[in-house]
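Numbering (this note's numbering), first residue to last: 528 to 866. For every residue, glycine included, the Cβ atom is placed at its ideal position computed from N, Cα and C. In what follows, a structure is listed as structure tokens, so that the remarks can point back to it.
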Ligand code: NAD
Ligand code: UDP
């Protein structure tokens, strides 16, 4: 298949481009570099040893999309492009509704006009809000607690309504749990701008000496060690989930929703210890107050993806932290390293 990957220069997008190419598909990337670096795509080309066709532009710009659809025979779109910082979404909700919701609507309409009927959409476990119990199944009640999460849920609903009305459109909604780790090559990985919001890149920057101390947000949760529990999933497993979803559901009209997680809950302190051990570096931390809006425990049941897509996560915690360290230690300043 020939796949348009919006946001293909980003963290999950780069890993997915490689997985698609390795599975025998071809990709065209559209990215505006609002949260990524052109060097990331050069590294993808190095790893795959082939050029990756690329357009710099906005995934919500109909003219750009029309042009791409006129230049390439596209079978499906994976839509990673979007804004993803929870805190920023509270400060700038309209940015999130425009860049995530309005852009997705334009993309779907333009795809449909061009006769492209398969979309894979990056959703998030955040649509579940504070779950009633764990593990989380796809039919659990939805209740995002911030504009970012609501923007993801709105796009899910747009996709479902459109699939129902169209009768020809396949909308594949993937709810990611917590993507971490990096490609085995150590050439690509997560490269956040500024101070990382997420746990794993923050730990990585402490281990490499860029930051002094990790703040552990909350040590009085009702979990085994009192710290928050999440379902961390290796980014290469996640990438593989996109390939399997496309290969299974391309040409199957309707909306399809899957959790992509491992089913294992890992606490903040377990992650800190695993990282310190794999990197053989100290990871100093201090226990501080809970972060507002955080839930105690969140992990997936991914049986539906296993049953329908034949997909399950293969990488363990050691593989997640050691691949992250391979990337971080070789590229302490991310894609700016050595420049
Ligand atoms: P990322 O920021 O690394 O990648 C997103 C890419 O999209 C970047 O390259 C950015 O430059 C680009 N982009 C943003 N807005 C754009 C626009 N309007 N037009 C063109 N390009 C645009 O993020 P990521 O971690 O790779 O996440 C990819 C997707 O997965 C996002 O939609 C995110 O919300 C979703 N997601 C991420 C996580 C996570 O923890 N990383 C979890 C759940 C869901
Ligand atoms: N966390 C932390 N310190 C940090 C960042 C995150 O203790 O600097 C905790 C956070 O409270 C949560 C877990 O790590 O329990 C995962 O947080 P992250 O932001 O990576 O993912 P999310 O909250 O979106 O699941």
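- One alpha carbon belongs to residue 615, the other to residue 627, and they sit about 13 angstroms apart.
- Bounds of any alpha helix (DSSP H) do not take in residue 558; it lies within the beta strand (DSSP E) bounded by 553 to 558.
- No heavy atom of the ligand NAD is found nearer than 6 angstroms to the CB of residue 802.
- Using a C-beta cut-off of 8 angstroms, the stretch 644 to 656 makes contact with the stretch 766 to 780, since at least three inter-stretch Cβ pairs fall below that distance.
- By the criterion of a C-beta distance shorter than 6 angstroms, residue 619 is surrounded by no residue of its chain, once the five residues flanking it on both sides are discounted.
- Contact annotation: the stretch 675 to 692 does not touch the stretch 717 to 735, with fewer than three C-beta pairs closer than 8 angstroms.
- For residue 723, the Cβ stays outside the 6 angstroms cut-off from all heavy atoms of the ligand NAD.
- At least one heavy atom of the ligand NAD falls within 6 angstroms of the beta-carbon of residue 585.
- Contact between residue 696 and residue 639 holds, since their C-beta atoms are separated by about 7 angstroms, short of 8 angstroms.
- Restricting attention to beta strand (DSSP E) runs no shorter than 3 residues, the stretch 687 to 753 encloses them at 697 to 703, 705 to 707, 741 to 744, ordered along the chain.
- The beta-bridge partner set that DSSP reports for residue 761 consists of 707.
- Contact between the stretch 579 to 596 and the stretch 725 to 743 is not established, with fewer than three Cβ pairs separated by less than 8 angstroms.
- Between residue 850 and residue 708, the C-beta spacing is below 7 angstroms.
- Residue 612 and residue 724 have their alpha carbons spaced roughly 8 angstroms apart.
- Judged by DSSP in its simplified three-state form, residue 547 adopts helix.
- Taken through DSSP and simplified to helix, strand or coil, residue 801 comes out as helix.
- A straight-line Cα-Cα distance of about 18 angstroms links residue 830 and residue 757.
- Taking a C-beta distance under 7 angstroms as the contact criterion, residue 570 and residue 714 qualify as a contact pair.
- Residue 558 has its Cβ nearer than 6 angstroms to a heavy atom of the ligand NAD.
- Per DSSP, residue 777 lies in no beta strand (DSSP E) and is assigned neither H nor E.
- The stretch 551 to 565 makes no contact with the stretch 779 to 790: fewer than 3 CB pairs, one atom from each, lie closer than 8 angstroms.
- Take the alpha-carbon of residue 543 and the one of residue 631: they are about 19 angstroms apart.
- With a threshold of 6 angstroms, the Cβ atom of residue 731 does not count as near the ligand NAD, since no heavy atom of the ligand is closer than that.
- One alpha carbon belongs to residue 669, the other to residue 676, and they sit about 10 angstroms apart.
- With a beta-carbon spacing of about 17 angstroms, residue 629 and residue 698 fall beyond the 8 angstroms limit used to define contacts.
- In this structure, the straight-line span from the alpha carbon of residue 741 to that of residue 617 is close to 23 angstroms.
- Judged by DSSP in its simplified three-state form, residue 769 adopts helix.
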